[in-house]
Amino acid sequence: MKRLSIFFLLLLASALLFAVPVALSFETWNSTTITAPAASVGVSIGVLPNLEVQGAFFGELAPSVGNRIGGVGTLTIGAVNPHYYADPTRAPLYFNALVGLGYLGGWNTANAEPFGTIFLRLTPLSLGASYYRSRERTFGFGVGYDHYANQWSFIVNLFAFDRYL
Amino acid sequence: MKRFIGVIITIVLLSSSLWAAPWLGGYRLSFDGYEGQEGQYYGVHLYVEPVWGTNLGLGFAAGGSTSFGLSSPSSQFEASAEIHALSVETMLFRRPSQWRIALSGGISTDFDSYHYWGQIDPFVFFFGEKTVKVLGLRLLDDRSWAIRLLEITHYFF
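Quick mapping for you: the protein sequence lines, in order, are chains D and A.
Heads up, the first sequence stops at 173 in the numbering used here, and the numbers go up one at a time, no gaps.
Heads up, the second sequence stops at 179 in the numbering used here, and the numbers go up one at a time, no gaps.
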């Protein structure tokens with residue numbers, strides 16, 4: 009966990025250094041693997057105009073707070089439009105759809121077992137961008153493969169919010 | 023005849039003032055998780071807010087939610103009343119919103135048993151045509167708790 013924190017801090021520091029868009033992100037999670045309500049808090053960094061890296065800490069809020077804890081990492085591309093343009097004065101479209109490939113993993117404290125899911129996700133409605141200082145992502149859905157349980161699952165992110173620094 | 027006309031005029035006056043008042047009403051979607059239970063409840067509710075203003079409002083909701091068999095009871099119905107207070111203009115989201123705090127109380131039942139509950143929503147964002155709440159904490163009469171992860175109210179009128 010300490011290494012993960014250092015990794016995120018380095019990622020954030022280097023992103024700010026290279027003046028790429030950085031956002032603080034909040035996201036709700038639903039999945040057949042997770043089963044209970046969960047949320048993640050982290051950062052979204054536009055490393056390239058059409059490639060965004062998201063890293064977040066993840067925690068289940070029920071049946072007990074922190075029942076499952078872990079992290080999420082996602083690579084996201086804009087399916088309609090780049091996340092931003094290299095020319096900072098050029099505005100991207102307000103609407104975008106996102107395709108992301110990611111990993112959701114951590115520890116189930118209830119039964120002391122790890123969990124890990126590789127997922128592919130489509131977010132059909134993304135409004136806003138770094139140019140507009142904030143973004144809302146809704147109705148993200150996808151499929152995931154739990155490599156511990158060897159089973160497929162659905163992943164849903166009903167609502168996500170990014171506030172650019 | 024005079025009495026009849028008097029009653030009609032009174033009803034018309036009362037109802038016109040009632041309907042002239044700016045009621046808010048619409049549907050509500052909710053996503054709840056309960057202490058000690060796997061699964062979560064997906065809910066649909068009707069909501070009316072007969073008293074609403076910039077700094078204070080009173081609303082009523084009724085609806086049902088289901089866990090698709092993952093929790094017990096599988097489905098439940100609830101009715102509640104809520105007040106919200108404060109109105110802090112914020113540009114946190116992509117358009118202006120008002121941050122509020124809401125307190126609500128209600129009853130949930132599956133018609134075999136029932137629970138009274140109270141709920142506090144510290145993160146309520148009012149956008150004009152919709153309200154979004156996140157991370158509401160609900161306390162039940164059996165001393166258990168629940169999290170309302172997300173609640174979206176969309177107003178039709």
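Backbone N, C-alpha and C define an ideal beta-carbon position, used for all residues, glycine too.
{"Asked": "Have a look at residue 98 of chain A and residue 131 of chain A and give me their C-alpha separation to the nearest angstrom.", "Found": "5 Å"}
{"Asked": "Inspect the beta-carbon positions of residue 48 of chain D and residue 64 of chain D and report whether they are closer than 8 Å.", "Found": "yes"}
{"Asked": "Please check if any C-beta of chain D sits within less than 8 Å of the C-beta of residue 59 of chain A.", "Found": "yes"}
{"Asked": "Expressed to the nearest angstrom, what Euclidean distance is found between the alpha-carbon atoms of residue 48 of chain A and residue 133 of chain D?", "Found": "22 Å"}
{"Asked": "Does the stretch 68-87 of chain A come close enough to the stretch 71-89 of chain D to have 3 or more Cβ pairs within less than 8 Å?", "Found": "no"}
{"Asked": "Would you call the stretch 60-67 of chain A and the stretch 151-167 of chain A touching, i.e. three or more CB-CB distances under 8 Å?", "Found": "no"}
{"Asked": "Determine the DSSP secondary structure at residue 138 of chain D, reduced to helix, strand or coil.", "Found": "helix"}
{"Asked": "Looking at chain D, which residues of the stretch 139-150 of chain A have a Cβ within less than 8 Å of any of its Cβ atoms?", "Found": "none"}
{"Asked": "Applying the 10 Å Cβ sphere with the 16-neighbour rule, what's the burial state of residue 189 of chain A?", "Found": "Because chain A is modelled from 23 through 179, residue 189 of chain A falls outside the range shown and cannot be assessed."}
{"Asked": "Taking the alpha-carbon positions, what's the residue 137 of chain A to residue 86 of chain A distance?", "Found": "14 Å"}
{"Asked": "Between the Cα of residue 125 of chain D and those of D/81, D/117 and D/45, spot the shortest distance and give me the residue it belongs to.", "Found": "D/81"}
{"Asked": "As a quick exercise: from A/121, A/171 and A/175, pick the residue whose alpha carbon is nearest that of residue 37 of chain D.", "Found": "A/171"}
{"Asked": "Which term fits residue 25 of chain A, buried or exposed, when burial requires 16 or more other beta carbons within 10 angstroms of its beta carbon?", "Found": "exposed"}
{"Asked": "Give me the residue from A/101, A/152 and A/107 with the minimum Cα distance to residue 133 of chain A.", "Found": "A/101"}
{"Asked": "For residue 140 of chain A, tell me which candidate among A/150, A/148, A/158 and A/154 has the shortest Cα-Cα distance.", "Found": "A/158"}
{"Asked": "Using a cut-off of 8 Å between C-beta atoms, extract the partners of residue 166 of chain D located in chain A.", "Found": "53 and 172"}
{"Asked": "Comparing C-alpha positions only, which one of D/45, D/27, D/147 and D/67 sits nearest to residue 54 of chain D?", "Found": "D/27"}
{"Asked": "Can you name, in chain order, every residue of its own chain whose Cβ lies under 6 Å from the Cβ of residue 67 of chain D, other than the five neighbours on each side?", "Found": "74 and 77"}
{"Asked": "Under 8 Å between C-beta atoms, does residue 29 of chain D make it to chain A?", "Found": "no"}
{"Asked": "Rounded to whole angstroms, what is the Cα-Cα separation between residue 93 of chain D and residue 115 of chain A?", "Found": "22 Å"}
{"Asked": "Hey, would you say residue 138 of chain D sits closer than 8 Å to residue 172 of chain D, going by beta carbons?", "Found": "yes"}
{"Asked": "Note down the Cα distance separating residue 52 of chain A from residue 95 of chain D, rounded to an integer number of angstroms.", "Found": "41 Å"}
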